[in-house]
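Colleague:
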Amino acid sequence: MERPENDSVYVYNNNKKQKIQNELIINKSRFENLANETVYEIFQYFDKSFNSNKYHNNVKIKFYLYRINYLRLSNPFTVDIIFSSSRILWDYIQLQTLIFDNIDAQHLNNIFKHSVYLSKLHLLVFSLVDYVQDPDILFHHIFRLSKLKYCKIIYQTIYDQQLIPIYSTDFTLSPIEYFVLNNCFLIVSLCNLLLSLPKLRYLSIDYLVVFNYLDIDQDSIALECLKYVSINVDNIHFNLFQKLIKYFFGCVEVLRLRAHDTTLSSMSN
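To convert a position in the sequence shown, counted from 1, into our numbering, add 382.
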C-alpha cells in the first residue's frame, strides 16, 4: 500500500521543525547567546546565593566561637584582631586556656586591657620574644585575672644589665596556684610577688639572682598550700636563701634546688 504524498510532506516538515528547535536549544545553551535580561537574572541569583551562604557561614562561625575553650596565638596580626575590642572577646566567653607563643611585648597593653572580660580563663602562658621594660606592670595585670589558676611567663632579659626589681606590694591577691617563671628573676621581686599569691601550690623559677646583698626583713608568711618549689639560683648567699625558706617555704614538701655558683654550695656544707 502506497503512502499518501501529503503524509510524507507532513513528516518531512515535522522533522525539519524538530531539527530547528534542537538547534535553537543548542544555541541557547551557550552563555554568550543568552539574552542580557537572562544573564542579569543569573548573576542576581548567584549573588543572592553567595550572600546567603556567607551569612549562614558567619552565623556558624560565630556560633562555634562561643564553644572555643582553648586558643593558641602566635601570629601578631591575629592577636591584634582578637584583642582589638572587648566586643570581639565576648565571642570567646568560654575560653579557658590562652597561650601566646613568641609574641612581641608591644601587644601586652591590648591583651591585658581586654582579657579581663574572659571570665573563665584559668590557664595563661606568655612566651615573649623581646624584653619587658617594666615587669611591675606585667604582674599587676596578670594578678587582676580573677579565675587564673596556672600562669607561665617567658620573657627576655638583657645580659649584664641590672634587672628592675618589683617593689610594689599593692597587687591584687591572685588565685594562681601554679606559677612558672622561665627568666632571670630577682629575689627581692620574688618576695614581693609571694605576698599576692596566698593559694600558690607550685612554684618554678628558672634563674633566681641577687646582684647586691640584701636582707629579708619582714614577717614570715604562711603559704600553707605551697608544697612544691623548683629553683635555679645564682650569686645568692646561703643565709639569705635560708631566710627565704624560713619566711615563705615553711610548708614545702618538695624542694628542688640547683646552684650555679660556689657561694651557696660551699656555705650549705
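Note that the Cβ used here is the ideal one computed from N, Cα and C, for glycine as well.
May I ask you to report which of helix, strand or coil DSSP gives V615?
Modeller: On the sequence shown, residue 615 is found 233 positions in, with the first residue counted as 1. Three-state DSSP puts V615 in a strand.
Colleague: For V634, tell me which candidate among S586, F508, F620, N492 has the shortest Cα-Cα distance.
Modeller: As a first step, residue 634 is located in the sequence shown; it is residue number 252 there, counting from the start. Of the candidates S586, F508, F620, N492, the one whose C-alpha sits nearest the C-alpha of V634 is S586.
Colleague: What is the C-beta distance between E559 and K531, in whole angstroms, given that I count them as a contact (C-beta under 8 Å)?
Modeller: On the sequence shown, position 177 is the one that residue 559 refers to. On the sequence shown, position 149 is the one that residue 531 refers to. About 5 Å; that satisfies the 8 Å criterion.
Colleague: Thinking just about the alpha-carbon of each residue, which of S528, I569, L582 is nearest to the one in T503?
Modeller: Your numbering for residue 503 matches position 121 in the sequence shown. In the sequence under discussion, the amino acid at residue 503 is Leu, which differs from the Thr named in the question. Of the candidates S528, I569, L582, the one whose C-alpha sits nearest the C-alpha of L503 is S528.
Colleague: Compute the Euclidean distance between the alpha carbons of F521 and L572, then round it to the nearest angstrom.
Modeller: In the sequence shown, residue 521 corresponds to position 139, counting from 1. In the sequence shown, residue 572 corresponds to position 190, counting from 1. Those two C-alpha atoms are separated by around 11 Å.
Colleague: Alpha carbon to alpha carbon, how far is L577 from A604?
Modeller: Within the sequence shown, the letter at position 195 stands for residue 577. Within the sequence shown, the letter at position 222 stands for residue 604. Roughly 10 Å between the two C-alpha positions.
Colleague: Are D483 and R449 touching if we call contact CB-CB under 8 Å?
Modeller: Translated into positions along the sequence shown, residue 483 becomes position 101. Translated into positions along the sequence shown, residue 449 becomes position 67. In this structure, R449 does not lie closer than 8 Å to D483 by Cβ.
Colleague: Identify which residue in Y513, L505, D512 has its Cα closest to the Cα of I524.
Modeller: Against the sequence shown, residue 524 aligns to sequence position 142. Residue L505 is the option with its Cα nearest to I524.
Colleague: Provide the residue(s) that pair with S497 in DSSP beta bridges, ordered along the chain.
Modeller: Within the sequence shown, residue 497 is the residue found at index 115, counting from 1. Its beta-bridge partners do not exist; DSSP assigns none.
Colleague: Just to confirm, is the Cβ distance from N617 to D588 under 8 Å?
Modeller: To locate residue 617, count along the sequence shown from 1; it is residue 235. To locate residue 588, count along the sequence shown from 1; it is residue 206. Not closer than 8 Å, so no.
Colleague: Assuming Q538 and Y513 are in contact, meaning their beta carbons sit under 8 Å apart, how far apart are those beta carbons, in whole angstroms?
Modeller: If you number the sequence shown from 1, residue 538 lands on position 156. If you number the sequence shown from 1, residue 513 lands on position 131. Yes, Q538 and Y513 are in contact; Cβ-Cβ is about 5 Å, under 8 Å.
Colleague: Excluding the five sequence neighbours on either side, which residues of its own chain have a C-beta within less than 8 Å of the C-beta of R640, listed in chain order?
Modeller: Counted from its first residue, the sequence shown places residue 640 at position 258. Cβ neighbours of R640 beyond the five flanking positions: I613, N614, V615.
Colleague: Spatial neighbours of L637 within its chain, please: C-beta separation below 6 Å, excluding the five flanking residues on both sides.
Modeller: Start at 1 with the first residue of the sequence shown, and residue 637 comes out as number 255. V611, listed in sequence order.
Colleague: Which two residues bound the contiguous alpha helix (DSSP H) that contains V570?
Modeller: Taking the sequence shown and counting its residues from 1, one reaches residue 570 at position 188. 569 to 576 is the span of the alpha helix (DSSP H), which, as asked, contains V570.
Colleague: Between which two residues does the alpha helix (DSSP H) carrying S467 extend?
Modeller: As a position in the sequence shown, residue 467 is number 85, starting the count at 1. Note, S467: premise wrong, no alpha helix (DSSP H); not H, not E.
Colleague: Would you kindly check if the distance between the Cβ of S466 and the Cβ of N491 is under 8 Å?
Modeller: Numbered from 1 along the sequence shown, position 109 holds the residue referred to as residue 491. Numbered from 1 along the sequence shown, position 84 holds the residue referred to as residue 466. No. Outside cutoff.
Colleague: Helix or strand or just coil, what does DSSP make of R638?
Modeller: Working through the sequence shown from its first residue, we reach residue 638 at position 256. Strand, per DSSP.
Colleague: From the DSSP output, in three-state form, read off Y629 for me.
Modeller: For the purposes of this step, residue 629 is taken as residue 247 along the sequence shown, with counting starting at 1. DSSP places Y629 in helix when its eight states are reduced to three.
Colleague: If I measure Cβ to Cβ from R332 and keep anything under 8 Å in the same chain, skipping five residues before and after, which residues do I get?
Modeller: The first residue shown for the chain is 383 and the last is 651, placing residue 332 beyond what the model contains.
Colleague: Would the beta-carbon of L471 fall within 8 Å of that of Y452?
Modeller: Working through the sequence shown from its first residue, we reach residue 471 at position 89. Working through the sequence shown from its first residue, we reach residue 452 at position 70. No, Cβ-Cβ distance for L471 and Y452 is not below 8 Å.
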